[in-house]
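Q: Here the sequence shown is numbered in the working numbering, starting from 997 and rising by one per residue. Positions of the beta carbon are idealized from the N, C-alpha and C atoms, including for glycine.
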Amino acid sequence: MNDLFEQPDDATPLTPEEMRELMPAHIAYRRELNEAEQENIARAQDWALNRRRDPLSEKFVKELHRRMFGDVWRWAGKFRMSERNLGMAFHEIPVALRQLLDDTRAWIEYRTYPPDEIAVRFHHRLVVIHSFPNGNGRHARLMADLLVMRLGAERLSWGSANLQGAGEVRQRYIAALQAADDHDIGPLLAFARS
């Protein structure tokens, strides 16, 4: 993909207003955008992995997204304000996120699921909510990693590949998310450790 705003068919499209929120003026191609985002994500990952903060707070959810994308997009860390091709209505995001955070705390407290399954179910619901204009999958995977590590398990591998762009591993990930949409968490749970 050479055009800066050309996106894979299964990517969340940005609105024209959101596209104007790109901060680095030197970026002209999708490859450059991907590189800038990945550098920003690597710094955010270092920050998150060196903190003992509760990932189950709205403040942390927003702060992690801001740190992952804040050097690239002005809207980083702010809930989206427009409808998308997936995700819930934007005005439902704050309540849905609070419900997810509360549900996850209950899953942990009552040991409803093993740690991997808690993290994968948390990840899936974050993706379903789709809180931000973009970066939701990458954000949800890192949030799930932080959660599963907090629960004493190893970080998830998520197919051991970069899930950006098209490819067989990304297609398996999307299929696993779709199975979870249909209440079959098994494929996503298996993919998270593949």
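1) Across the stretch 1148 to 1164 and the stretch 1078 to 1096, are there enough close Cβ pairs to call them in contact, namely three or more that are closer than 8 angstroms?
2) Buried or exposed for Met1019, going by 16 or more other Cβ atoms inside 10 Å?
3) Find out if the Cβ-Cβ distance for the pair Pro1090, Leu1147 is shorter than 8 angstroms.
4) For Arg1151 and Asp1042, what's the separation of their Cα atoms in angstroms?
5) Would you check if the stretch 1060 to 1074 and the stretch 1091 to 1106 touch, i.e. whether three or more CB-CB distances between them fall below 8 angstroms?
6) Give every residue of the same chain whose Cβ lies closer than 7 angstroms to the Cβ of Met997, excluding the five residues on either side of it in the sequence, and list them in chain order.
7) Quick one: give me the first and last residue of the alpha helix (DSSP H) that Gly1133 is part of.
8) Count the other CB atoms, across all protein chains shown, that sit within 10 Å of the CB of Asn1130; report buried if there are 16 or more and exposed otherwise.
9) Among Ala1172, Ala1072, Leu1060, which residue has its Cα nearest to the Cα of Phe1128?
10) Looking only at C-alpha atoms, which of Ala1032, Glu1105, His1120, Ala1024 sits nearest to Ala1141?
11) Spatial neighbours of Thr1008 within its chain, please: C-beta separation below 6 angstroms, excluding the five flanking residues on both sides.
12) Who are the near neighbours of Ala1176 in its chain, counting only those whose CB is closer than 7 angstroms to its CB and skipping five residues on each side?
13) Short check: CB of Ile1125 to CB of Ile1114, under 8 angstroms?
A: From the atom records:
1) With fewer than three CB-CB distances shorter than 8 angstroms, the stretch 1148 to 1164 does not count as touching the stretch 1078 to 1096.
2) With fewer than 16 other Cβ atoms within 10 Å, it is exposed.
3) Not in contact: Pro1090 and Leu1147 (Cβ atoms no closer than 8 angstroms).
4) C-alpha of Arg1151 to C-alpha of Asp1042: approximately 14 angstroms in a straight line.
5) Too few Cβ pairs lie closer than 8 angstroms, so no.
6) Since pLDDT at Met997 reaches only 48, below the 50 mark, its modelled position is unreliable, and no value is offered.
7) Looking at the DSSP string, the run of the alpha helix (DSSP H) that includes Gly1133 is 1132 to 1146.
8) That one is buried.
9) Ranking the options by Cα distance to Phe1128, first place goes to Ala1072.
10) The residue you asked about is not Ala; residue 1141 is Asp in the sequence shown. Out of Ala1032, Glu1105, His1120, Ala1024, the CA that lies nearest to the CA of Asp1141 is found in His1120.
11) Contacts found: Arg1080, Asn1130.
12) These residues qualify, in order along the chain: His1120, Leu1184.
13) Result no, Cβ atoms of Ile1125 and Ile1114 do not sit closer than 8 angstroms.
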